[in-house]
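Below: one structure, written as structure tokens.
Number of protein chains: 2
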Amino acid sequence: MTDTEPRKESVSCPMDFILRMLMGPWTTYILYNLKTHGPQRFGELKRRVAGISAKMLTERLRTLEGAGLLRRDYEATIPPKVTYSLTKRGHELDGVLGSLAEVGARWEAEDAAARSQRAAESKSAELRAAE
Amino acid sequence: MTDTEPRKESVSCPMDFILRMLMGPWTTYILYNLKTHGPQRFGELKRRVAGISAKMLTERLRTLEGAGLLRRDYEATIPPKVTYSLTKRGHELDGVLGSLAEVGARWEAEDAAARSQRAAESKSAELRAAE
DNA sequence: TCTCATGGTTACGAATTGGTACCTACTGGC
DNA sequence: GCCAGTAGGTACCAATTCGTAACCATGAGA
Chain A
0 MTDTEPRKES VSCPMDFILR MLMGPWTTYI LYNLKTHGPQ RFGELKRRVA GISAKMLTER
60 LRTLEGAGLL RRDYEATIPP KVTYSLTKRG HELDGVLGSL AEVGARWEAE DAAARSQRAA
120 ESKSAELRAA E
Chain B
0 MTDTEPRKES VSCPMDFILR MLMGPWTTYI LYNLKTHGPQ RFGELKRRVA GISAKMLTER
60 LRTLEGAGLL RRDYEATIPP KVTYSLTKRG HELDGVLGSL AEVGARWEAE DAAARSQRAA
120 ESKSAELRAA E
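Protein sequence lines, in the order shown, are assigned to chains A and B. Numbering that gives the first Met the number 0 puts the first residue of the first sequence at 0, with every later residue one more than the last. Numbering that gives the first Met the number 0 puts the first residue of the second sequence at 0, with every later residue one more than the last.
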């Protein structure tokens, strides 16, 4: 951890780097917002990703910027205006995140169906027991 | 945080749940190994995911099992034999993880190319400076 | 003059995380 | 008898993480 994380590089897993970034607590919300609402300023983003602290947002944005997923445009006006937007690389994730979201949504739907199924079964079991 | 994390559910992001799982420190290695080497026993997996502690492996496996991504087959022989294998749901991630790995590999290659490019440039700059 | 907003940074502190060491119960090999 | 290996569970401890609060400079509006 002291230098550039030599720990796990021996294990061959190319998607690890990329997951290690998406992993961050708020990362997906930030990318999602930038994707759906377009380029945004710091405060705008902070308001939209409800609950995030300025510190975390800054840190996440810096990380994502460092990874080349988004661009930071600083205008030294008074008050300063900082706009964040997805880079080409950031948009390359759209497809992957999209299919990830699709799988997630499918599972959610399946789980909901299974739950209501079980609920119906326990209901009918109650009815049978009540007879 | 007190109950079942009501904090972030208001933000619509269906892929968050799924990322929250892949997120775990060793998760991708485990899935990767199960995918490429097929069903494996605990010790086998532990040996292959070099560096993981038994505690973490157990915890990750339980989480993944709970999420329905893998199956735990326990045979109460002496010594006990526990085999882990990907479920149908686990295999549904193959595609997504595959394209994620692809993007990751592409970026890695691009970065490497950019690095050698820069190295060559600084080399030629040194040569020019040495003249 | 006081306050708000902009886009952060810094210090502190509590909570979570993950590793290490030790424990289970059982058998086979030396 | 002792150790190894099977598949973990548990307690403890250090490190990391993340939120909160305070602070910066600046101008606009009340």
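Glycine included, C-beta positions come from ideal geometry on N, C-alpha and C.
Item                                                                                              : Value
Partners in chain A for Asp-15 of chain B, counting only beta-carbon separations shorter than 7 Å : Thr-27
Contact list for the region 74 to 108 of chain A against chain B, Cβ threshold 9 Å                : Arg-88, Glu-91, Leu-92, Gly-94, Val-95, Leu-96, Gly-97, Ser-98, Leu-99, Ala-100, Glu-101, Val-102, Gly-103, Ala-104, Arg-105, Trp-106 and Glu-107
Environment of Leu-63 of chain B [buried if 16+ CB atoms lie within 10 Å]                         : buried
Chain A residues whose Cβ lies nearer than 9 Å to that of Leu-69 of chain B                       : Near Leu-69 of chain B there are no residues of chain A at all, since even the closest Cβ is about 14 Å away, more than 9 Å.
Simplified DSSP assignment, three categories, for Val-48 of chain A                               : coil
8 Å Cβ shell around Arg-127 of chain B - same chain, five flanking residues per side excluded     : none
DSSP three-state assignment for Leu-96 of chain B, whether helix, strand or coil                  : helix
Status (buried if at least 16 other CB within 10 Å, exposed otherwise) for Gly-89 of chain A      : buried
Beta-carbon spacing of Leu-96 of chain A, Met-14 of chain B below 7 Å                             : yes
Leu-21 of chain A in three-state terms, based on DSSP                                             : helix
DSSP state of Glu-125 of chain A mapped onto helix, strand, coil                                  : helix
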